[in-house]
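Visitor:
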Amino acid sequence: MRVEETDESRIIGGRPCSITQRPFQVALIKKGQILCGGSLVDAQWVLTAAHCKQPSRDLRVLIGTDTLRDGTGEVRTITRSIVHPSYDPRRNDNDFMLLRLNKAVRFGSSIKKIRIANSCPTDGMRCSVSGWGTTRSPGAQLPRDLQCAGVQAFGREKCMRAYGRSITPNMFCAGVPQGGVDSCQGDSGGPLVCNGVLQGVVSWGMAVCGRKGQPGVYSNVCRAQSWIRRYIRG
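In terms of UniProt numbering, the sequence shown opens at residue 1 and continues consecutively.
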C-alpha cells in the first residue's frame, strides 16, 4: 500500500545553502512553523502546491532569507489564493496554487523571481530542490537553515515503474538512482529547478523519503504554464 504525503514537509541528503543561490525560494509559515515552500514567479505572485492551501489569514510568506529565525527577510500576507482549476486532491493531480502577496517585493541579491519552464523535463536532466522540510525520515527533524539537494529528473517509464498509474502527465519524478536524496515532509510546494528554470513543484512521495526506487513526485510546471501566465502577466 502506498502512503502518500499529505503532511507538508521534505530535504533528505542535502546541505545548507544560501538564499543568494535560491533567491526565488519562499517559506509559507503557519503559526510560526514552516508549512510549505514556494517560489516567487513575479514581484507579487508565489507558486506553491494546492495541497498547501490554508485560510489566508493563517499564513505568512517569508521572503529573502535562508533562515526561519524571526526578524530575518521580508514578510508578506496573502490577498488571494488561486488553486489550479483541474486540481484533484485524491490523486494530487495538478497540484498547483498561486498566491498573491499583499505588496510586491523589490528584487535584489536575495530576492529574485524565477522563470517558469516552457518545455517539459527529460530523463536524466540535472536539477536541484530546496526547502526547510525535515532532514531525517522516518522521524522529523526540521532545520533552521535552507537545505538544497541535487537530483535528476526521471523519465515517465522509470516513474511509472515506481508508482504505476498514480503518475499523470501533470507529474514527474526526480531523485537519485541509489536513493538517499529526496524532498520530504515540509518541502511541499517548493521549487525544483533545472537549468535555471522552475521545472517542478514539490508534490508528494512515500511516507519515508529518500528510499531507492521511490523518487519524489513533482507537479509538472510546463503543463501549467499558460494558467500561471494568465495571472502573473496581469
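Cβ atoms here follow ideal geometry from the backbone N, Cα and C, with glycine treated the same way.
Taking the beta strand (DSSP E) that residue 60 falls in, what are its first and last residues?
Guide: From DSSP, the beta strand (DSSP E) with residue 60 extends over 59-63.
Visitor: Got a sec, what are the start and stop residues for the beta strand (DSSP E) residue 25 sits in?
Guide: Looking at the DSSP string, the run of the beta strand (DSSP E) that includes residue 25 is 25-30.
Visitor: Mind listing, in chain order, the continuous beta strand (DSSP E) runs of no fewer than 3 residues lying wholly within the region 150-186?
Guide: Counting whole runs of 3 or more residues, the region 150-186 contains the beta strand (DSSP E) stretches 171-175.
Visitor: How long is the line joining the alpha carbons of residue 19 and residue 117, rounded to whole angstroms?
Guide: Residue 19 and residue 117: Cα-Cα distance of roughly 21 Å.
Visitor: Counting only the same chain and skipping the five closest in sequence on each side, list residues whose C-beta sits under 6 Å from that of residue 115.
Guide: The residues are 197.
Visitor: Is it buried or exposed, residue 214, if we count other Cβ atoms within 10 angstroms and call 16 or more buried?
Guide: Looking at its Cβ environment, which holds 16 or more other Cβ atoms inside 10 Å, residue 214 is buried.
Visitor: Roughly how many angstroms separate the alpha carbons of residue 173 and residue 194, rounded to a whole number?
Guide: Near 13 Å, if we compare the C-alpha coordinates of residue 194 and residue 173.
Visitor: Determine whether the beta carbon atoms of residue 171 and residue 153 lie at a separation below 8 Å.
Guide: In this structure, residue 153 does not lie closer than 8 Å to residue 171 by Cβ.
Visitor: Along the chain, where does the alpha helix (DSSP H) that runs through residue 228 open and close?
Guide: First-last of the alpha helix (DSSP H) with residue 228: 225-232.
Visitor: DSSP three-state call for residue 201: helix, strand or coil?
Guide: In the structure shown, residue 201 sits in a strand (DSSP, three-state: E or B).
Visitor: Out of 24, 180 and 15, which has the shortest C-alpha to C-alpha gap to residue 192?
Guide: The residue with the shortest Cα to Cα distance from residue 192 is 24.
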